[in-house]
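K.L.:
Residue numbers (full-length UniProt numbering), protein chains in the order written: chain H, 1 to 666; chain V, 1 to 666; chain U, 1 to 666.
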Amino acid sequence: MTNGKLYHGASLYPELWSRDVLMRDIAAMKEAGINVVRMGEFAWSVLEPEEGRIDIGFFVEVIGLLYENGIETVMCTPTPTPPIWMSHGHPERMHVNEQGTVMNHGARQHVCTNNAYFRERAALITERIAQAVGRLPGVVAWQLDNEFKAHVADCLCSSCKELWQRWLERRYGAIEALNEAWGTNVWSQTYRRFEEVPQPGPTPFLHNSSLRTMYRLFTMEQIAEFADEQAAIIRRYSAAPITHNSNIPFHLDNERLFRNLDFAAFDSYASQANAHAYLFNCDLWRNLKPGEAFWVMETSPSFAASLESYATPHPNGYVKAEAVAAYALGAGGFCYWLWRQQRSGSEQPHGSVVSAWGEPTIGYRSVLEAEAARRELEPVLLASRPARAEVAITYSDRAKAFLQTEPHRKLNYRGLMNDFYKRFLALGLYRDVVPEGGELTGYKLLFTPFLPYVSPEFLQRALRWVAEGGVWVAGPLTGGRTGEHTIPTDAGLSELEAWAGVKTVYTYPMEGTGSVGEAFGVTAPLSLWSAVFAPAGRETAVVGTIAAGLTPGLAFATERLHGRGKIVMLGSLPCGEAGDLLLQKLIGHYADEAGVALRSDVTPGTLVVPRTGDDGNDLWVIINMDGLGGTVTLPREGLDVMTGRKAAAGALAVAAYEYRVIRMEK
Amino acid sequence: MTNGKLYHGASLYPELWSRDVLMRDIAAMKEAGINVVRMGEFAWSVLEPEEGRIDIGFFVEVIGLLYENGIETVMCTPTPTPPIWMSHGHPERMHVNEQGTVMNHGARQHVCTNNAYFRERAALITERIAQAVGRLPGVVAWQLDNEFKAHVADCLCSSCKELWQRWLERRYGAIEALNEAWGTNVWSQTYRRFEEVPQPGPTPFLHNSSLRTMYRLFTMEQIAEFADEQAAIIRRYSAAPITHNSNIPFHLDNERLFRNLDFAAFDSYASQANAHAYLFNCDLWRNLKPGEAFWVMETSPSFAASLESYATPHPNGYVKAEAVAAYALGAGGFCYWLWRQQRSGSEQPHGSVVSAWGEPTIGYRSVLEAEAARRELEPVLLASRPARAEVAITYSDRAKAFLQTEPHRKLNYRGLMNDFYKRFLALGLYRDVVPEGGELTGYKLLFTPFLPYVSPEFLQRALRWVAEGGVWVAGPLTGGRTGEHTIPTDAGLSELEAWAGVKTVYTYPMEGTGSVGEAFGVTAPLSLWSAVFAPAGRETAVVGTIAAGLTPGLAFATERLHGRGKIVMLGSLPCGEAGDLLLQKLIGHYADEAGVALRSDVTPGTLVVPRTGDDGNDLWVIINMDGLGGTVTLPREGLDVMTGRKAAAGALAVAAYEYRVIRMEK
Amino acid sequence: MTNGKLYHGASLYPELWSRDVLMRDIAAMKEAGINVVRMGEFAWSVLEPEEGRIDIGFFVEVIGLLYENGIETVMCTPTPTPPIWMSHGHPERMHVNEQGTVMNHGARQHVCTNNAYFRERAALITERIAQAVGRLPGVVAWQLDNEFKAHVADCLCSSCKELWQRWLERRYGAIEALNEAWGTNVWSQTYRRFEEVPQPGPTPFLHNSSLRTMYRLFTMEQIAEFADEQAAIIRRYSAAPITHNSNIPFHLDNERLFRNLDFAAFDSYASQANAHAYLFNCDLWRNLKPGEAFWVMETSPSFAASLESYATPHPNGYVKAEAVAAYALGAGGFCYWLWRQQRSGSEQPHGSVVSAWGEPTIGYRSVLEAEAARRELEPVLLASRPARAEVAITYSDRAKAFLQTEPHRKLNYRGLMNDFYKRFLALGLYRDVVPEGGELTGYKLLFTPFLPYVSPEFLQRALRWVAEGGVWVAGPLTGGRTGEHTIPTDAGLSELEAWAGVKTVYTYPMEGTGSVGEAFGVTAPLSLWSAVFAPAGRETAVVGTIAAGLTPGLAFATERLHGRGKIVMLGSLPCGEAGDLLLQKLIGHYADEAGVALRSDVTPGTLVVPRTGDDGNDLWVIINMDGLGGTVTLPREGLDVMTGRKAAAGALAVAAYEYRVIRMEK
């Protein structure tokens, strides 16, 4: 969502401050270059102080004041913080956590979003807000709720119980089908009726894996349906596009959630040490609504904090680099949480743009730098768009749910994926992180690590794409589970094996077994739950051999042609420094083989974003993210768009947090 | 339980798979040499899908099919996994943990085994199974339930509350007696009626020690009574011997539990690094039903795992060594959990013999090796029996319960005992681990470490045995508590002091005090809660003196003749490397003094099991357990039973995981 | 409370033992020099075994027996351990913890002290005890209850809910005022009625800071009111002074609690490694009831312990040093917990003076040493009193409550304060730790570290004192919060800034930012949440400058004259070894500037306590606390009071744990 400009925004809570403070904030925002605010997401009690007494007038007026001052509004629905009239005396409406503890009024997300009364009141307040502000010229977009399922995961309340059992009935039709799908005959858990299927509350040992995973999927589906409901109401009164401020750790299926929304947005509070996690988000959210600019809806101008702890403030210069990276990677907005420090509540220490007493904060200078960059870059970025990558990495919140059910030694999908992703940055490979259901056409190289369940739909799509020339690297931890979170009974990796031309000889955990693999000239320890292969037929080549451990001589990596493309199986995760090198060699090898051209020779810590100008020329946005400066090799002569000077082919230096835009003729 | 053969078995779940899979499994088991399966323990919902609709036909048929194929059956009662018709809508039947959380249906052991309705239904299903299969020729033995109290400890449900109060009434007669025994006047906890005595639920600080320990003893007694009930029912319909698959970490009094069962069995998933824990089990379970072969009812062919985590796979060769060690140490059966990998449930990653898709697993080769060894050893082992050891170490689940109540810095009875035991292996001393009530006659040397309460019965028995020539080493942490888990008021170690000829001058924790002890030429730091002695009379000799710390000059180890034997007091635990050496010297010293002959000069990591042939000759089974190989000194010329060659006196080498059987004439 | 002697005491539980044991204990106490016992605090069920059946006769008799033997009594009210007749069948009377768990009968503090029935029964038993023993000659003092709020913090029972809401109503008058004060409009938490304001039970994320802090203040006020009630009842029947055995970790406002009591007392079980924490207590408790001797009501003769764990026994000699330090620093009593080891309950392993079987323990020798010292020192200490310090450090349990609500990375007020305090010991500066409301007149130098809220009352008092010549060092972490636990909206440190002549340019956390400060010739890393200053006007001098980090050139320490004194702002905490040095330089600098004379040149680990004799001369009590011995420089010639010899000016050596008393003429 760009709307003909790049947005630079902040969260504003006019309902918490006097009119006088608001007027000063508006003036200060103008001065700082803030051109959009997000507001309303926690304001339910202001809008409806008593059940049914609704008045949206306050926000109508604020939106007007802002608009008069050149500041547009992302309006929110206030559903994450139901007022006291909803919760007081109604424990049955509250969220119930996995230990069975009923939440009290306080904090946020305390009411169950599946409670019928909540849904009714949420629909009403949403409708009234949409009616009142939906066509105001200042309202440029909508955000639903706030960070769905950030603080809560599965709810075990009785409303959820009933919905869960109905959801199961729709999914399985007959209880016998559920029993069969889940293998409930293990431990005599067999159910006779859907009303008997429990929620995953406390038990002496572990619940059935299918029950746990399905409950996660149920939760993710329900919250997405709530988003659908809200969006449908808003659309009756407003043409402004709708989004949600999501993130990877939340208990959501982001692909499903954004399916019915208009543009994608995320919140990120990664510290500089985790800059790769921030870039991972940009590369993923760009692909949740392809072709539509995503937003960084929240990030700190300096540091995140709550009463419990505070993070490290960003170094000076880093926020500018973050903003430039986001815009270059396809963001239409870059927004701070929050404009004015909270004076009360639970997050008072959190970094802001101005303090609770109205002065610039430690982050203020960074905001000015980001704004200067935005102004400078706006024309060139609006006249270009991020290149489509040639390399795709599949992201799946369903895979995340599977790994939560089956965490082994606290394996964490997010951490595994971020680590895997880091290597693409190190190799200077431009990449898309693509949701499981995303289009593959156009990519040359596909990675699907940590994807326990490869759905028939995905498999068919991937195979078609391989047949047309793609190179698919599947694994590690890919393909060993069914869609019901059980073990395949036909083959270790089920149908995938035949296509990949392998037989899974063994599956077992490699830690502590002295397992070592050799591939691409590198010898490295192997780790994690692994699948060990034998080639099935002459067409399969072993590219990674187990050199030591329990199964020497067998393969941990293979490849096989399929149509005009190739399927590469990676059955284990090389680890340690040598493992890192092995994986980089593997990625580099297949990037070469697949003919990946969108890459650059760049020092680590500096990012190159290739974009395509409306004039057809190539643009490289180069940003130093680590504060150490770096160099990048320009493949051919170009023009430094900011200075108007020529940029010679060869090494180009960038200073700490510096950005450069180089146009190179096609 | 040997029944004229050595059993090699696996757990089978025919109720989870098709008839076709079953037939393939039977064929594969035959091929692998599996001659017994254990089954039925989780099959309640198959046998009784609706309350009262019971049909055992399925297992009758499977037992028959197996038997036709030479495979016998250990049949189980299915009580660890009550079906949904028992738990649904009945929270009052569920287990309640120490935090007061009521369990949901799911996992296993979720229903309270003291609930009257559970007992009634458990009795009925047990009777019906016993009726149906009790006299089938394939049924070679019974297992009650599965791993009693593995996932749950004390239950705080209202059924247990009532039983607890009745149990107390039987134990104490009058509430005044309980108050006096427990010293409830501390903190005004005095009760007026048994109905007032609480279960050990949440309190602001610690419960009375007696209440906590007695609740553990109550729990252990109740579950043993449940086992008694089940056994009695089965015996009405079957002559096959009855066992249970127990283990040390479970919340059980194993001695009491097995009193009314026919043979002993345990489950062990120790990794190779904890091989000593596995051997400890063999040495203990052999002595739970003396003269009757025990079974290793469950062990992994490769690695244990659940959805939460997985262990390290065993090295190739180790499973064979485990099997040989078990058979040599007196096992009649060595069985895997499980034959076919689960496709669903909570333990899918767990090591198995064949995979969910029917192929040999990483552990399969180990199973074949174990079977080859079994076949080779069967004749010689059936024609001999483990020697009775000359050294006994007392094991007490009551002591475990005491240490759970009073864990100091997380002291753990199991860990303390295993560490203590390790030194006997290192010294090549053949040993029995003997339950508290076990017969002492025949032993030369007795150790009773970590036994807070020395009962009058035990004391009298030990004293009689000492008087006849035994050497008894009491301590550390032995004797400082009464049977009610209070402190003696007559002397620090109560009556034991007089017999040992010591006065306990002080008791105090030695960590951090710089305490150092000297004994047997070694100086070592002292640790743990310690009793510090002065000799009481000239007949007591100090053998360990405190050289530094708060009480220099006093004794931590003493000895005194009693009849033809000797009582050695060990008041403190020497620690660190020097402490290890000191303890080895101490053990060695008293082994010499007691004239212990059943020992061998063997390198660490290799096990020597002395057995006595029916021909009266000595057999040594020698097994390398650490995969590094080793040597043992043969005291005299013998015959290598496997090769038929002479084995010269002196050093005999064994290769990694190799086993040898040497017959030496008496 | 000295009553013309120095008390040396122990806790006695005659209700737990036979008459015979009591008589032996009395004889042994006489022999050991114990001249006071504390008793009765857990004896409710002995005094009132059935509701309303009260008989205090037992204690009347014991008090008499003791008194006949020269032993006086501190009598306690038995309210920490309500009998079973109060708790059985009454969950609504029990304490409910922050997770909502209802306590069971057991341990202590299990009944909510705000429950109306509890209050009624507590008043009655207190009255009956006071009536019975209040005028006995042996009763020298009273202790209320025992360690209020040691095991429990905020209670969430329904009695507390109602009281909380009434308390809020009294505090705020109208719900609108509460909403405004707490800023409940954040997250739509706005309440419509006081009955809607929840207790701080479980929520998905953090509660409002004001709610959490106010609940803590409410809890602290309620328990103090309970103490007031008890004291008022006792005073109707007894003239003996009343105290409570408190400590810093308990959930109390000690200043408020002791306001209506007669003398101060604390319990301390600090190990030698934390000797500074013990001295901190002495320096604080001396100032809770200025001019009145405090008591060390409980300390271990050797080590603290419970069933869960035990501490390290004190080195020989250390208890004597503790006793001398306490008496020198103003203690009127030094008492052990406990005389005779418990035979039952939950604390059997705890160090005592005699064992459960009546023998001297490992700590007995220490008791004799302490008694010898007491006897030697009594005349000289009773004829003198501790000097009033020139340096004050403000202590605030309200500040502790604020930091509990907002712990950042587990910041701990106690730990921060103890660390800060340590430096005064190292510098040989004699100091008072003064409660927030304590009188400042007479001090030359004041430190107020870690005081988030500087109340107007405190500010005005401090300013008046500064105007008259005091030097006030404010910070770190001082002044950034309002009394409602919100952020000031006028300036970062609110009103304090104007007086200190600074503008808080930024507030932010310095960890990880490379922040370095320079002051007093030392360069050190800066840490914690920091306020960074610019001088506001020429009168403000920068004394500490930020040399590196995000805000180089700004100040972290400033000073400004105010009247005849000076306000020093310290915005950050220097850390590491260099930070320690910097702080020592800073303290030393301002001690010089303020003309602090009560200091000594003493090696670390040795304590100098300046006292003033009734004859006007100076007395120095010198005690080695670290067991390493040390030296102190006598500023002028004196007399060694113990030996009667001259003590020359200059270096005086003290041996390990030795104490000396030097009289120097004024």
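Just so you know, even glycine gets a beta-carbon here, dropped at the ideal spot from N, CA and C.
Are the region 585–595 of chain U and the region 478–498 of chain U in contact at 8 Å, needing three or more beta carbon pairs?
P.N.:
Output reads no: the region 478–498 of chain U does not touch the region 585–595 of chain U.
K.L.:
DSSP three-state label for V/E127, please.
P.N.:
As a first step, residue 127 of chain V must be located in the second sequence, where it is residue number 127. Correct three-state label for V/E127: helix.
K.L.:
Between H/E255 and the rest of its own chain, which residues show a CB-CB distance below 7 Å, the 5 nearest in sequence each way excluded?
P.N.:
Numbered from 1 along the first sequence, position 255 holds the residue referred to as residue 255 of chain H. Around H/E255: L288, D397, P435, E436, G437.
K.L.:
Between V/Y659 and V/A305, which are expected to be in contact by the criterion C-beta below 8 Å, what is the C-beta distance as a whole number of angstroms?
P.N.:
The residue you call residue 659 of chain V lines up with position 659 of the second sequence. The residue you call residue 305 of chain V lines up with position 305 of the second sequence. Not really, about 28 Å apart at Cβ, beyond 8 Å.
K.L.:
Can you tell which of V/S530, V/N115, V/G544 has its C-alpha closest to the C-alpha of V/V522?
P.N.:
Numbered from 1 along the second sequence, position 522 holds the residue referred to as residue 522 of chain V. That would be V/G544, whose Cα lies nearest to the Cα of V/V522.
K.L.:
V/P574 by DSSP, collapsed to three states: which one?
P.N.:
Walking along the second sequence from the start, residue 574 of chain V turns up at place 574. Strand, per DSSP.
K.L.:
Pull up the distance between the alpha-carbon of V/D25 and that of V/Y395, whole angstroms please.
P.N.:
To locate residue 25 of chain V, count along the second sequence from 1; it is residue 25. To locate residue 395 of chain V, count along the second sequence from 1; it is residue 395. If you take the alpha carbons of V/D25 and V/Y395, they lie about 40 Å apart.
K.L.:
Out of U/I125, U/Q131, U/R121, U/I84, point me to the one whose CA is closest to U/H110's CA.
P.N.:
Counting from one through the third sequence, the residue named residue 110 of chain U turns up at place 110. Checking every option, the nearest Cα to that of U/H110 belongs to U/I84.
K.L.:
Looking at C-alpha atoms only, which residue of V/G479, V/L477, V/P476, V/A500 is the closest neighbour of V/E467?
P.N.:
What you label residue 467 of chain V is simply residue 467 of the second sequence in a count that begins at 1. Reading the sequence as shown, one finds Ala at residue 467 of chain V and not Glu. Ranking the options by Cα distance to V/A467, first place goes to V/A500.
K.L.:
Quick check: what's the CA-CA separation for U/L451 versus V/P80?
P.N.:
Residue numbering aside, residue 451 of chain U sits at position 451 when the third sequence is read from its first letter. Residue numbering aside, residue 80 of chain V sits at position 80 when the second sequence is read from its first letter. About 57 Å.
K.L.:
Kindly indicate which three-state DSSP category H/V367 falls into: helix, strand or coil?
P.N.:
Numbered from its first residue, the first sequence carries residue 367 of chain H at position 367. Of the three classes helix, strand and coil, the one that applies to H/V367 here is helix, per DSSP.
K.L.:
According to DSSP, is H/G588 part of a helix, a strand, or is it coil?
P.N.:
In the first sequence, counting from the first residue as 1, residue 588 of chain H sits at position 588. Here H/G588 sits in helix by DSSP.
K.L.:
Give a yes or no on whether the minimum CB-CB distance between V/S188 and chain U is below 8 Å.
P.N.:
Taking the first residue of the second sequence as position 1, residue 188 of chain V is located at position 188. At least one chain U Cβ lies under 8 Å of V/S188.
K.L.:
With 7 Å as the limit, tell me which residues of the region 486–507 of chain U have their beta carbon closer than that to any beta carbon of chain H; keep them in chain order.
P.N.:
Under the 7 Å Cβ criterion, the region 486–507 of chain U contributes T486, I487, P488, T489, D490, A491, G492, Y506.
K.L.:
So U/N97 contacts chain H; which residues on that side make the cut at Cβ distance below 7 Å?
P.N.:
Counting from 1 along the third sequence, the entry for residue 97 of chain U is found at position 97. Under the 7 Å cutoff, chain H gives no residues; its nearest Cβ is about 12 Å from U/N97.
K.L.:
Locate the beta strand (DSSP E) running through H/T504, then write down its first and last residues.
P.N.:
Start at 1 with the first residue of the first sequence, and residue 504 of chain H comes out as number 504. Start and end: 502–509.
K.L.:
On the DSSP letters alone, give me the boundaries of the alpha helix (DSSP H) that H/Y67 sits inside.
P.N.:
The sequence position of residue 67 of chain H within the first sequence is 67, counting from 1. Start and end: 57–68.
K.L.:
Give the interface partners of H/G201 over in chain V, defined as CB-CB distance under 7 Å, in chain order.
P.N.:
As a working mapping, residue 201 of chain H is identified with position 201 in the first sequence. The answer, in chain order, is N104.
K.L.:
Mind checking the region 341–353 of chain U against chain V and listing, in chain order, the residues whose C-beta falls within less than 9 Å of any C-beta there?
P.N.:
The region 341–353 of chain U vs chain V, Cβ under 9 Å: Q341, Q342, R343, S344, G345, S346, E347, Q348, P349, G351.
K.L.:
Looking at the structure shown, is H/K161 part of a helix, part of a strand, or coil, going by DSSP?
P.N.:
Translated into positions along the first sequence, residue 161 of chain H becomes position 161. The answer is helix: DSSP assigns H/K161 an H, G or I state.
K.L.:
With a threshold of 6 Å on Cβ separation, who are the neighbours of H/A328 within its own chain once the five nearest residues in sequence on each side are excluded?
P.N.:
Your numbering for residue 328 of chain H matches position 328 in the first sequence. V609, V621, listed in sequence order.
K.L.:
Give the straight-line distance between the Cα atoms of U/V632 and U/D601, rounded to the nearest whole angstrom.
P.N.:
Mapped onto the third sequence, residue 632 of chain U falls at position 632. Mapped onto the third sequence, residue 601 of chain U falls at position 601. If you take the alpha carbons of U/V632 and U/D601, they lie about 6 Å apart.
K.L.:
For the region 17–49 of chain H, which residues have a CB atom closer than 8 Å to at least one CB atom of chain U, in sequence order?
P.N.:
So the close ones are F42, A43, W44, S45, V46, P49.
K.L.:
Strictly under 8 Å for the Cβ-Cβ distance: is H/N274 near chain V by that measure?
P.N.:
Position 274 of the first sequence, counting from 1, holds the residue named residue 274 of chain H. H/N274 does not count as touching chain V.
K.L.:
Please report the straight-line C-alpha distance between U/S188 and U/Q199, rounded to a whole angstrom.
P.N.:
Counting from 1 along the third sequence, the entry for residue 188 of chain U is found at position 188. Counting from 1 along the third sequence, the entry for residue 199 of chain U is found at position 199. Rounded to whole angstroms, U/S188 to U/Q199 spans 17 Å at the Cα level.
K.L.:
Give a yes or no on whether the C-beta atoms belonging to H/S515 and H/L528 are separated by under 8 Å.
P.N.:
The residue given as residue 515 of chain H occupies position 515 in the first sequence. The residue given as residue 528 of chain H occupies position 528 in the first sequence. Against a cut-off of 8 Å, the Cβ pair of H/L528 and H/S515 comes out as no contact.
K.L.:
Taking only beta carbons into account, state which residues of the region 396–410 of chain U come closer than 9 Å to chain H, listed in chain order.
P.N.:
Those residues of the region 396–410 of chain U that come within reach of chain H (Cβ to Cβ, closer than 9 Å) are T405, E406, P407, H408, R409, K410.
K.L.:
Establish whether the CB of H/I84 and some CB of chain U are separated by less than 8 Å.
P.N.:
Translated into the one-based positions of the first sequence, residue 84 of chain H becomes position 84. Cβ-Cβ to chain U under 8 Å: yes for H/I84.
K.L.:
Kindly list, in the order they appear in chain H, the residues whose Cβ is closer than 9 Å to that of U/T312.
P.N.:
As a first step, residue 312 of chain U is located in the third sequence; it is residue number 312 there, counting from the start. Simply none; closest approach about 32 Å.
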